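Using our numbering, the first residue of the sequence shown is number 1, and each one after it goes up by one. Cβ atoms here follow ideal geometry from the backbone N, Cα and C, with glycine treated the same way. The model shown is predicted, which means the values in this text are computed figures rather than measured ones. Presented below is the structure to which this report refers.
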Amino acid sequence: MSQSNIVISGGRVIDPENKIDALLSVYISNGTIVSIGGKPDGFVAEQEIIAKDAIVCPGFVDLCARFREPGDENKATIASEALAAAASGITTACIPPDTVPLIDSPAMIELIQESGADTGLVRLVPVGAFTKALEGMELAEMGTLKQAGCKVVSNARKPISNLLVFKRALEYAASFHLVVMVQPNDPWLSMNGVMHEGAICTRLGLPGIPETAEIVAVAQIIALARQIGVHVHFSQLSCQQSVKMISLAQYDGVPLSADVAVHQLHLTENAVDGYNAMAYVMPPLRTSQDRDGLRAALQEGVVSAICSDHQPHEAAAKLNVFDATEPGIASLETLLPLTLQLVTDGILTMSQAIACLTMNPATIINTQLGTLTPGSIADVCVFAPKLEWTVNRQNWLSQGCNTPFWNKTMQGKVLHTIHEGRVVYTHAT
Numbered sequence: 001m002s003q004s005n006i007v008i009s010g011g012r013v014i015d016p017e018n019k020i021d022a023l024l025s026v027y028i029s030n031g032t033i034v035s036i037g038g039k040p041d042g043f044v045a046e047q048e049i050i051a052k053d054a055i056v057c058p059g060f061v062d063l064c065a066r067f068r069e070p071g072d073e074n075k076a077t078i079a080s081e082a083l084a085a086a087a088s089g090i091t092t093a094c095i096p097p098d099t100v101p102l103i104d105s106p107a108m109i110e111l112i113q114e115s116g117a118d119t120g121l122v123r124l125v126p127v128g129a130f131t132k133a134l135e136g137m138e139l140a141e142m143g144t145l146k147q148a149g150c151k152v153v154s155n156a157r158k159p160i161s162n163l164l165v166f167k168r169a170l171e172y173a174a175s176f177h178l179v180v181m182v183q184p185n186d187p188w189l190s191m192n193g194v195m196h197e198g199a200i201c202t203r204l205g206l207p208g209i210p211e212t213a214e215i216v217a218v219a220q221i222i223a224l225a226r227q228i229g230v231h232v233h234f235s236q237l238s239c240q241q242s243v244k245m246i247s248l249a250q251y252d253g254v255p256l257s258a259d260v261a262v263h264q265l266h267l268t269e270n271a272v273d274g275y276n277a278m279a280y281v282m283p284p285l286r287t288s289q290d291r292d293g294l295r296a297a298l299q300e301g302v303v304s305a306i307c308s309d310h311q312p313h314e315a316a317a318k319l320n321v322f323d324a325t326e327p328g329i330a331s332l333e334t335l336l337p338l339t340l341q342l343v344t345d346g347i348l349t350m351s352q353a354i355a356c357l358t359m360n361p362a363t364i365i366n367t368q369l370g371t372l373t374p375g376s377i378a379d380v381c382v383f384a385p386k387l388e389w390t391v392n393r394q395n396w397l398s399q400g401c402n403t404p405f406w407n408k409t410m411q412g413k414v415l416h417t418i419h420e421g422r423v424v425y426t427h428a429t
């Protein structure tokens, strides 16, 4: 997959970073964007991609995707999920720290980065451990992680032992200008729960997780972030009340950002009815009011990014009784079409939707990605917004087939993905 001079012509170029939305050509040379619109002097294209009726945009930046390697290769591997990512237009993916072994050392950061580079398909961004062994008791060596190139730390979904430890960890992260990615959850309120606490949960006889498990955690973290001034990023929110509190804090100048997993913008607790383990996720799917509140927060920019929260599983992980199965959806390949559905539904403009997958997540993790600015790395996605396809084994690339959208017809398909100036995926027509 060598680099070459590439021109992408005839497409609708959308680059939210530069406020571009027009029919233009994109010129790529030596792994970088060299021009949008006018042909550079002396440029000779070795490859032309005709993008008629397609949209050309920056490659997608996914803030949370588990590739399962190292540690859970029975579920998926970096090789399998990198291919699925390339077919989904994703050129950068953040890997949470709860791998085995954990991402808590320079060696692990290097391993994750090199593993992604070795595929030639996707850039992997390791998220470092926030506390030692993710046990929530002692601070991780964040300075060492920062020196190794880590920009973001997280405790994944592991609880912190107490708020004093949390406060000190936030202060330590702030001293190194690290972004702290938090999945807000009070472990005592959510203990043993497997779905949203409500009427359906009661009827199914399953242990529930109240909204307050997230809301209380969000309130506590906002108070700490307000005092310390650290950039806290709320990851995978599920509750309307959570985004209301974040909106008020952002208005007051607290340095907060937030994302939502794409399935939370479409599915509700109703999807779990009938003990559907494919809809078992953490945080749980909640009410239609919560879903609509998350959508409104996207419109307003309170929530600025959409992630896949990709969690591939082997088939057996979803075949037990509901509360004995494992949570998570394999969702790389449905990220684009489910986001485009928000455009069809009038929730977002096309430019807003693309910003939620490119510029905004790139800004959150302090990278210069997610843009087509001349001179920037040539990560580009070309997709057909109206092309229909069915989620099935014939076109599914992830090793994990755990999705509630199986056999559903989707609209929106990636035609080409360019990573660092190389065409790494082309849709077979």
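Helix, strand or coil at residue i according to DSSP, with G and I counted as helix
{"i": "Ala317", "result": "helix"}
{"i": "Ala223", "result": "helix"}
{"i": "Gly11", "result": "strand"}
{"i": "Cys201", "result": "helix"}
{"i": "Tyr430", "result": "Nothing in the structure corresponds to residue 430, since the chain is present only between 1 and 429."}
{"i": "Ser35", "result": "strand"}
{"i": "Pro159", "result": "coil"}
{"i": "Thr344", "result": "helix"}
{"i": "Asp292", "result": "helix"}
{"i": "Thr325", "result": "coil"}
{"i": "Met1", "result": "With a pLDDT of 49 at Met1, under the threshold of 50, the modelled position of this residue cannot be trusted; read the value that follows with caution. Coil."}
{"i": "Thr409", "result": "strand"}
{"i": "Ile118", "result": "In the sequence on display, residue 118 carries Asp and not Ile. Residue state, collapsed to three classes: helix."}
{"i": "Ser242", "result": "helix"}
{"i": "Leu124", "result": "strand"}
{"i": "Thr131", "result": "strand"}
{"i": "Cys307", "result": "strand"}
{"i": "Ala148", "result": "coil"}
{"i": "Ala330", "result": "coil"}
CA nearest to the CA of residue i, picked from the options
{"i": "Thr268", "options": "Leu340, His416, Glu197", "result": "Glu197"}
{"i": "Ala296", "options": "Thr202, Ile364, Val262, Ile347", "result": "Ile347"}
{"i": "Gly298", "options": "Ala279, Asn360, Pro327", "result": "The displayed chain sequence assigns Leu, not Gly, to residue 298. The option with the nearest alpha carbon to Leu298 is Asn360."}
{"i": "Ala45", "options": "Asn5, Leu294, Pro312", "result": "Asn5"}
{"i": "Ala84", "options": "His266, Glu333, Ser35, Pro284", "result": "Glu333"}
{"i": "Glu138", "options": "Val122, Leu335, Asn155", "result": "Asn155"}
{"i": "Leu63", "options": "Thr367, Val7, Leu372", "result": "Thr367"}
{"i": "Pro284", "options": "Arg291, Asp259, Ser238", "result": "Ser238"}
{"i": "Gly301", "options": "Ala79, Ser105, Lys244", "result": "Lys244"}
{"i": "Glu69", "options": "Val61, Glu81, Gly59", "result": "Glu81"}
{"i": "Ile364", "options": "Ala324, Val380, Ala384, Ser304", "result": "Ser304"}
{"i": "Val423", "options": "Val260, Glu48, Glu17, Gly42", "result": "Glu48"}
{"i": "Asp309", "options": "Val262, Thr325, Ile354", "result": "Val262"}
{"i": "Pro432", "options": "Val13, Val218, Gln289", "result": "In this structure the chain extends from 1 to 429, so residue 432 is not present and cannot be described."}
{"i": "Thr339", "options": "His266, Ile329, Val26, Glu326", "result": "His266"}
{"i": "Phe405", "options": "Met278, Lys413, His416", "result": "Met278"}
{"i": "Thr131", "options": "Lys158, Ser25, Ala148, Leu124", "result": "Lys158"}
{"i": "Leu164", "options": "Ile28, Gln220, Gln264, Gln113", "result": "Gln220"}
Identity of the residues DSSP links to residue i by a beta bridge
{"i": "Cys57", "result": "Cys381"}
{"i": "Trp188", "result": "DSSP output for Trp188 lists no bridge partner at all."}
{"i": "Pro425", "result": "According to the sequence displayed, residue 425 carries Tyr and not Pro. Answer is Thr417, bridged to Tyr425."}
{"i": "Ile6", "result": "Ile28, Gln47"}
{"i": "Trp389", "result": "Met410"}
{"i": "Met195", "result": "Gly208"}
{"i": "Met181", "result": "Ser154, His233"}
Buried or exposed (CB count within 10 angstroms, at least 16 for buried), residue i
{"i": "Thr432", "result": "Nothing can be reported for residue 432: it is not among the residues displayed for the chain, which extend from 1 to 429."}
{"i": "Ser242", "result": "buried"}
{"i": "His177", "result": "exposed"}
{"i": "Tyr251", "result": "exposed"}
{"i": "Pro126", "result": "buried"}
{"i": "Asn402", "result": "buried"}
{"i": "Val382", "result": "buried"}
{"i": "Ser175", "result": "exposed"}
{"i": "Lys75", "result": "buried"}
{"i": "Leu335", "result": "buried"}
{"i": "Leu134", "result": "buried"}
{"i": "Pro97", "result": "buried"}
{"i": "Lys19", "result": "exposed"}
N-terminal and C-terminal residue of the beta strand (DSSP E) that residue i is part of
{"i": "Thr77", "result": "Where Thr77 is concerned, there is no enclosing beta strand (DSSP E), given that its DSSP letter is neither H nor E."}
{"i": "Phe234", "result": "232 to 234"}
{"i": "Glu48", "result": "47 to 50"}
{"i": "Cys94", "result": "90 to 95"}
{"i": "Ser25", "result": "20 to 29"}
{"i": "Met137", "result": "Careful: Met137 lies outside any beta strand (DSSP E) and carries neither H nor E."}
{"i": "Ala258", "result": "256 to 261"}
{"i": "Cys401", "result": "That residue, Cys401, is in no beta strand (DSSP E); it is neither H nor E in DSSP."}
{"i": "Ile364", "result": "Where Ile364 is concerned, there is no enclosing beta strand (DSSP E), although the alpha helix (DSSP H) it sits in stretches over 359 to 364."}
{"i": "Ile103", "result": "No beta strand (DSSP E) contains Ile103, which DSSP labels as neither H nor E."}
Endpoints, alpha helix (DSSP H) assigned at residue i
{"i": "Tyr280", "result": "Element bounds for Tyr280: n/a, residue is neither H nor E."}
{"i": "Tyr172", "result": "163 to 175"}
{"i": "Ser154", "result": "Ser154 -> not in any alpha helix (DSSP H); beta strand (DSSP E) instead, spanning 152 to 154."}
Check: residue i C-beta below 7 Å from any heavy atom of the ligand SAM
{"i": "Val243", "result": "For the structure depicted, the ligand SAM is absent and the ligand set is empty, with no information on it obtainable."}
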